[in-house]
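Participant:
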């Protein structure tokens, strides 16, 4: 192949350049060109010396100073030099430099040697751990800096005003630290600044922040999120220059801002601002129409999590470039304006948790009238009041990726066209009234679906073929309360990677396939509760070590509890037919079980003695089984236990002293068993955090230990139906929790987290307890509101301690069926929070204290079968109840008993006084009226009788004749009786 002269010349030139390079490189051996300035190299080494990686395991700065003979610091990772001057101009130690997505594993100090790098224009130390150290003021001497990023470093203290000397600075990023500033005056000097991010900086006294921002002519990106910003003073709005170029503004999470923010915003150039975030600011009032007039270029608008009211302005439709609109978590009402859905650029419409109304299909049709290729991708209208049917044709919005319409009032069937949304990733139609049948065709092309929630649509039936293979692999499956049964859904076995599955209450009355228990490794939550699932659960070695919450309660599962289930994080087997827990002893590795509920089952025999294998357990509920024998010693090795319910079994023996190790125990319930022995003194001495203590219906004997009085947090003390004797300790009046009225929470809840998988969960358990309440044994859940002492059905003697009346927070007090004597404490009326008081079947005497008339919340009162006497005090709550409350007290009288008191009189109505009020009752017998009545009676009686004898002669003779005859008759009668008496004595 022949070559032309120009081609030959070009080849010669290339070879010449190549040879020159080789020769140059060979000549350079032994004489390296030194680009790095020695002073700057030393400064970098000092910077390195004050930075450490955690444990030296990552070797982040290994290249710094490794080849000292070359002195080539410009080649060190994260360092860049100027090509001409060879000065260091850039230090970048951010995660991206080291190909990491998380924070760099570095910590230490910001070295003062940075000040020796005067040509530095780029400094990024983000995510290095400086742990509350201040920003050094010498950074203000690096006047050539154009980029400064100290975000996510844990810096603290005041932002030095010397940063205002960085007149060339274009980017200042200090977000996510612990900084504060009282003024932004220093920022006013940064005339070249384009990006300012001070998020999470405390600025609650920086009243000049608006003025400072207005003086930054080049600012295009401003983020002051969560800064405690002072509210805008209205005159500040006039300082805005309309030529501003601000494009991104984020003032979110500043709850002190008010609606005065809007006039300031609307003065900005309407064609510049494209991104606005005012979420979580507690803004009130209606949304200004000016958004649709002044901000026509905006693409991202977030007004979520405020207190905005009224309707969504129709003028929003003028924002024709809008792509993202979030109005969620407000109090907006009315229909969504049709003008919004005519914005063809709209990608996200989020209006969750408002009071919006209207019908969904009309919204979609409105958008199509102007946008034939409607590109909506994210639609969230959850928790509103939108009603009617769902669209007949979902193919009109083929771009949908997320459709969230939960908690509305949708009804009717779901169109099969939803199965054509091939881009759909999230479908949430839960908590509506959707009905009808869903077939395979409803999911035909949903290959991208990852999240499916159809729960709480009780009339929705999923009729899917047994051999159906879905086109998707779901991460989240929520089908609770839908009709899936009666057979177990076989298609679930095709889902291999789900994180959460809930098919509770779905009318399944089948057994689970054994292969179903090959559960996904990253499973977080599995809920099959409230079905009629039958059969046994096979042991599964592959499923060991799951960090999941599993709820199989309210089914008909039976057999042994498999050991792999005892290695999850939380397990509820409540209300099944499981027969033993012996697998506890096989659970020796990877144990992190926190919650275990096997109550209302058929557990029998003795408890296994392997509880030391369950060291993480905090909640243990084994109530209502048929367990026998003594409590094993190893149960005391549950050192982190907070709640222990062993009630309603047949357990016997004494409580093991090993329970003294359970110092975190808050709820201890062993009622309805056969435990015996004295109540141990370590309850209150070693276990001091008890809130609930129930030993009811056992065979405990002896006196109540004084140590119980040390339980300052105790709210429920139930020792009823035992064989306790002796007196009630007076120190019970010292229990702090019962001396306080009410409670801030209605439940006694336990929070615990589940680790072992990405994004650990925090869950809670609300405690419950069976107590004698309202005449029967009831299971109560609002235990936080209950403050109760029940010592009934024992052999207690002595008086009721007066100190009990200090427990003014008590809601229920029951001392019935004992041998208590003495009088009811006169101050018992101080217990005004009492809803139930039972002192019946004792030997109490004396009167019912009048102070009980103050107990206006009493709904249950029993004082029967005592020796109480006197009149029942006058009070509506005492006299309007059934007489049975007082029966068995022979000397007691007054309403509501049929027995009237001797001095009981009909109540009189006082005559009205001159001013219309009632005359004050005087508790006196001798009054002025008494004397007047006596005088009149004397005059009438004297002159009525004596006067007649004086003025009527015939009456006078008859009167004295009557007196003579009466005297003679009395004398004769006395003489005769005297003679008879003497004869009797002589004989």
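Residue numbers (mature numbering (1 follows the signal peptide of the UniProt record, and there is no 0)): -24 to -1, 1 to 963. Note that the Cβ used here is the ideal one computed from N, Cα and C, for glycine as well.
Would you identify the three-state DSSP class for residue 363, choosing helix, strand or coil?
Facilitator: Three-state DSSP puts residue 363 in a strand.
Participant: Can you tell which of 817, 828, 794, 814 has the C-alpha that lies nearest to the C-alpha of residue 802?
Facilitator: The option with the nearest alpha carbon to residue 802 is 828.
Participant: Do three or more CB pairs link the region 446 to 455 to the region 478 to 487 at distances below 8 Å?
Facilitator: Segments in contact, yes.
Participant: Let me confirm a value: residue 80 is counted as buried when at least 16 other C-beta atoms fall within 10 Å, else exposed. Which label applies?
Facilitator: The residue is buried, with at least 16 neighbouring Cβ atoms inside 10 Å.
Participant: Using a Cβ-Cβ cutoff of less than 7 Å, which residues in the same chain neighbour residue 778 once the five nearest sequence positions on both sides are dropped?
Facilitator: Closer than 7 Å at Cβ, skipping near neighbours: 801, 803.
Participant: Give me the residue from 192, 221, 181, 380 with the minimum Cα distance to residue 430.
Facilitator: That would be 380, whose Cα lies nearest to the Cα of residue 430.
Participant: At 3 residues or longer, what runs of the beta strand (DSSP E) sit wholly inside the region 426 to 488?
Facilitator: As far as the region 426 to 488 is concerned, its whole beta strand (DSSP E) runs of at least 3 residues are 427 to 429, 436 to 438, 452 to 454, 476 to 478.
Participant: Kindly indicate which three-state DSSP category residue 50 falls into: helix, strand or coil?
Facilitator: It is helical.
Participant: Is any beta-carbon of chain C found at less than 8 Å from that of residue 151?
Facilitator: Chain labels in this structure do not include chain C; a single protein chain is all it has.
Participant: Determine the direct distance from the alpha carbon of residue 551 to that of residue 573, and round the result to whole angstroms.
Facilitator: The straight-line gap from Cα to Cα measures roughly 9 Å.
Participant: Using DSSP's beta-bridge definition, name the partner residues of residue 226.
Facilitator: Its beta-bridge partners are 199, 253.
Participant: Please report the straight-line C-alpha distance between residue 389 and residue 413, rounded to a whole angstrom.
Facilitator: The straight-line gap from Cα to Cα measures roughly 7 Å.
Participant: For residue 768 versus residue 792, is the C-beta distance shorter than 8 Å?
Facilitator: Result yes, Cβ atoms of residue 768 and residue 792 sit closer than 8 Å.
Participant: Are residue 154 and residue 130 closer than 8 Å when you measure CB to CB?
Facilitator: Their beta carbons are under 8 Å apart, which means residue 154 touches residue 130 by this criterion.
Participant: Look at the alpha carbon of residue 713 and the alpha carbon of residue 685, and state the distance between them as a whole number of angstroms.
Facilitator: Distance between the alpha carbons of residue 713 and residue 685: 11 Å.
Participant: Leaving aside the five residues before and after residue 847 along the sequence, list all residues of the same chain whose C-beta is less than 7 Å from its C-beta, in chain order.
Facilitator: Correct list, in chain order: 869, 870, 877.
Participant: Give the secondary structure of residue 838 by DSSP, where H, G and I count as helix, E and B as strand, and everything else as coil.
Facilitator: Correct three-state label for residue 838: strand.
Participant: Grouping DSSP H, G and I as helix and E and B as strand, with all else coil, what is residue 635?
Facilitator: Three-state DSSP puts residue 635 in a helix.
Participant: For residue 657 and residue 681, I'd like the C-alpha separation in whole angstroms.
Facilitator: In a straight line, the C-alpha of residue 657 is about 6 Å away from that of residue 681.
Participant: Along the alpha helix (DSSP H) that carries residue 14, what are the first and last residues, could you check?
Facilitator: Residue 14 -> alpha helix (DSSP H) spans 14 to 25.
Participant: With a 10 Å radius around its C-beta and 16 neighbouring C-beta atoms as the bar for buried, classify residue 69 as buried or exposed.
Facilitator: Buried is the call here.
Participant: Provide the residue(s) that pair with residue 829 in DSSP beta bridges, ordered along the chain.
Facilitator: DSSP, once it has assigned bridges, lists no residue as partnering residue 829.
Participant: To the nearest angstrom, report how far apart residue 133 and residue 37 are at their CA atoms.
Facilitator: Those two C-alpha atoms are separated by around 28 Å.
Participant: Taking the alpha carbon of residue 611 as the point to measure from, which residue in 674, 24, 624, 639 has its own alpha carbon closest?
Facilitator: Out of 674, 24, 624, 639, 639 has the C-alpha closest to the C-alpha of residue 611.
Participant: With DSSP run on the structure shown, which of helix, strand or coil describes residue 370?
Facilitator: Three-state result, residue 370: helix.
Participant: Taking C-beta to C-beta, are residue 863 and residue 785 nearer than 8 Å?
Facilitator: No, Cβ-Cβ distance for residue 863 and residue 785 is not below 8 Å.
Participant: Should residue 771 be labelled buried (16 or more other beta-carbon atoms within 10 Å of its own) or exposed?
Facilitator: Under this definition residue 771 is an exposed residue.
Participant: Which of the three DSSP states is assigned to residue 73 in this structure?
Facilitator: If DSSP states are grouped into helix, strand and coil, residue 73 belongs with the helices.
Participant: Count the other C-beta atoms from every protein chain shown that fall within 10 angstroms of the C-beta of residue 240, then say buried if there are 16 or more, exposed otherwise.
Facilitator: So residue 240 counts as buried.
Participant: How many angstroms separate the CA atom of residue 679 from the CA atom of residue 629?
Facilitator: Cα to Cα, residue 679 sits roughly 18 Å from residue 629.
Participant: Rounded to the nearest angstrom, how far is the Cβ of residue 650 from that of residue 674, given a contact under 8 Å?
Facilitator: With 8 Å as the limit, residue 650 and residue 674 qualify as a contact, their Cβ atoms being about 7 Å apart.
Participant: I'd like to check one pair, residue 578 with residue 594: are the Cβ atoms closer than 8 Å?
Facilitator: Contact flag unset, no.
Participant: Please classify residue 544: does DSSP put it in a helix, a strand, or coil?
Facilitator: In the structure shown, residue 544 sits in coil (DSSP, three-state: anything other than H, G, I, E or B).
Participant: Measuring alpha carbon to alpha carbon, tell me which residue in 273, 55, 309 is nearest residue 13.
Facilitator: Answer by Cα proximity: 55.
Participant: Name the DSSP bridge partner or partners of residue 812?
Facilitator: DSSP, once it has assigned bridges, lists 788, 836 as partnering residue 812.
Participant: Tell me the start and end of each unbroken alpha helix (DSSP H) in the region 654 to 721 that is at least 4 residues and wholly inside, in chain order.
Facilitator: Runs of the alpha helix (DSSP H) inside the region 654 to 721: 658 to 661.
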